[in-house]
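Everything on this sheet refers to the single structure shown next.
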Amino acid sequence: MGDEDQTKSGHVLVLPLPVQGHINPMVQFSKRLVSKGIKVTLFTTTLASESVKAGVGSISVVPFADGSQFESSSGDEYMEKIKIAVCKNLPDFAEKQERLGCPIKCLVYDSIMPWALPLAKELGFIGASFYPQSSAVSAIYYQVNKGLIHIPVEGPTSLVPGSVTLEPHDLPSFVYKPDVYPALLPLVLSRFSNIDEADWLLFNTYEKLEEE
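Numbering-wise (the UniProt record's numbering), the sequence shown opens with residue 1 and increments by one.
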């Protein structure tokens, strides 16, 4: 399918968190969209773009800024720099696509960057929050955020009534050992801060990922 036909099917901008474990699930999702005749652009840092270009097939990869200067930052500083870079560069790219007759219809963003949703709304895009971990892990974080799982976890728990009981050591490290990464748990939970406002929620799941 040519670019013109893909444009008629829609143009989706995919914004992954440019760190290991977050990019690949969104690249695989993007490939599925492309196979359905949808134009997809992966919008990521220059550093990350260099590592993914070889394996993305017909997905367009557009780099912004230079991710190399973010590497030595702490978690909060890193996320803030990513946010500033995206908010500066994405509107310009969107305007360019509009002029070229290939307007962006939807922004699919890593859920750990909830600030991307109001940006999408401001630019007139559909906002789709993508959860790269398994659904079970997302469910655990959601229940922690809602106060249904209390930290520190002192005994067995289950995600839903009747499901497999989980011991504390079965839980994600941010939940099982919150003192090890005290600054990162709030960041992980922030993905639920505007979950009710997203147009779509997309979860990365398949049987092998959830079997345990």
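Where a beta carbon is used, it is the ideal one built from N, C-alpha and C, also for glycine.
Which of the three DSSP states is assigned to I126 in this structure?
Here the question's residue 126 lines up with position 126 in the sequence shown. Three-state DSSP puts I126 in a strand.
Consult DSSP for D110 and reduce its assignment to one of helix, strand or coil.
Within the sequence shown, the letter at position 110 stands for residue 110. If DSSP states are grouped into helix, strand and coil, D110 belongs with the strands.
Could you pull out every residue in the same chain whose Cβ sits closer than 8 Å to the Cβ of S193, ignoring the five residues on either side in sequence?
One-based indexing of the sequence shown puts residue 193 at position 193. Cβ within range, chain order: P114.
For L169, does the three-state DSSP call read helix, strand or coil?
One-based indexing of the sequence shown puts residue 169 at position 169. The sequence as given places His at residue 169; Leu does not occur at that position. Helix at H169.
In chain order, what residues of the same chain have a beta carbon less than 6 Å from the beta carbon of I112, not counting five sequence neighbours either side?
As a working mapping, residue 112 is identified with position 112 in the sequence shown. Closer than 6 Å at the Cβ level, and outside the excluded window around I112, lie L17 and R191.
Helix, strand or coil for S163, going by three-state DSSP, please let me know.
For this step, residue 163 is matched to residue 163 along the sequence shown. Reduced to three states, the DSSP call for S163 is coil.
Grab the span of the alpha helix (DSSP H) containing K39 for me, first residue to last.
To locate residue 39, count along the sequence shown from 1; it is residue 39. Note, K39: premise wrong, no alpha helix (DSSP H); beta strand (DSSP E) at K39 to T45.
Closer than 8 Å to a non-hydrogen atom of the ligand ZN - does that hold for the CB of K177?
The ligand ZN is not part of the structure shown, which contains no ligands of any sort.
Take L187 and list the residues in its own chain whose beta-carbon comes closer than 8 Å to its own, dropping the five residues that flank it on each side.
Your numbering for residue 187 matches position 187 in the sequence shown. The answer, listed in chain order, is G75, D76, M79 and I112.
If you count every other CB in all the chains shown that lies within 10 Å of the CB of S58, and 16 or more means buried, which is it?
For this step, residue 58 is matched to residue 58 along the sequence shown. So S58 ends up on the exposed side.
Suppose you measure from the CA of C106 to the CA of F29; what does that come to, to the nearest Å?
The residue given as residue 106 occupies position 106 in the sequence shown. The residue given as residue 29 occupies position 29 in the sequence shown. Whole-angstrom Cα-Cα distance: 14 Å.
Could you tell me the distance, in whole angstroms, from the CA atom of P172 to the CA atom of V144?
Counting from one through the sequence shown, the residue named residue 172 turns up at place 172. Counting from one through the sequence shown, the residue named residue 144 turns up at place 144. If you take the alpha carbons of P172 and V144, they lie about 11 Å apart.
Is the region 130-146 touching the region 197-207, taking contact as three or more C-beta pairs under 8 Å?
yes
Which same chain residues, not among the five before or five after P178, have their C-beta less than 8 Å away from its C-beta?
On the sequence shown, residue 178 is found 178 positions in, with the first residue counted as 1. So the list reads I151, P152 and L185, once near-sequence residues are dropped.
Could you check if I149 is buried or exposed, using at least 16 other CB atoms within 10 Å of its CB as the buried criterion?
Taking the first residue of the sequence shown as position 1, residue 149 is located at position 149. Buried, by the Cβ-count rule.
What are the boundary residues of the alpha helix (DSSP H) that L185 is part of?
Mapped onto the sequence shown, residue 185 falls at position 185. First-last of the alpha helix (DSSP H) with L185: L184 to L189.
Mind checking H169: buried by the 16 CB within 10 Å criterion, or exposed?
Here residue 169 refers to the residue found at position 169 of the sequence shown. So H169 ends up on the exposed side.
Could you tell me which of L100, L189, G155 and Q20 sits nearest to K146, measuring between CA atoms?
The sequence position of residue 146 within the sequence shown is 146, counting from 1. Comparing Cα-Cα distances from K146 to each of L100, L189, G155 and Q20, the minimum goes to L189.
What first and last residue would you give for the beta strand (DSSP E) that runs through P63?
For the purposes of this step, residue 63 is identified with residue 63 of the sequence shown, where counting begins at 1. From DSSP, the beta strand (DSSP E) with P63 extends over S60 to F64.
If you draw a straight line from the alpha carbon of A198 to that of L117, how long is it in whole angstroms?
If you number the sequence shown from 1, residue 198 lands on position 198. If you number the sequence shown from 1, residue 117 lands on position 117. In a straight line, the C-alpha of A198 is about 7 Å away from that of L117.
Using alpha carbons as the reference points, say which of H22, R32, T44 and A139 lies closest to K83.
On the sequence shown, position 83 is the one that residue 83 refers to. K83 has its Cα closest to that of T44, out of H22, R32, T44 and A139.
Look at the alpha carbon of T165 and the alpha carbon of V137, and state the distance between them as a whole number of angstroms.
Taking the first residue of the sequence shown as position 1, residue 165 is located at position 165. Taking the first residue of the sequence shown as position 1, residue 137 is located at position 137. Spanning the two alpha carbons is a distance of roughly 14 Å.
State buried or exposed for S35, treating a residue as buried only when at least 16 other CB atoms are found within 10 Å of its CB.
Working through the sequence shown from its first residue, we reach residue 35 at position 35. It counts as exposed.
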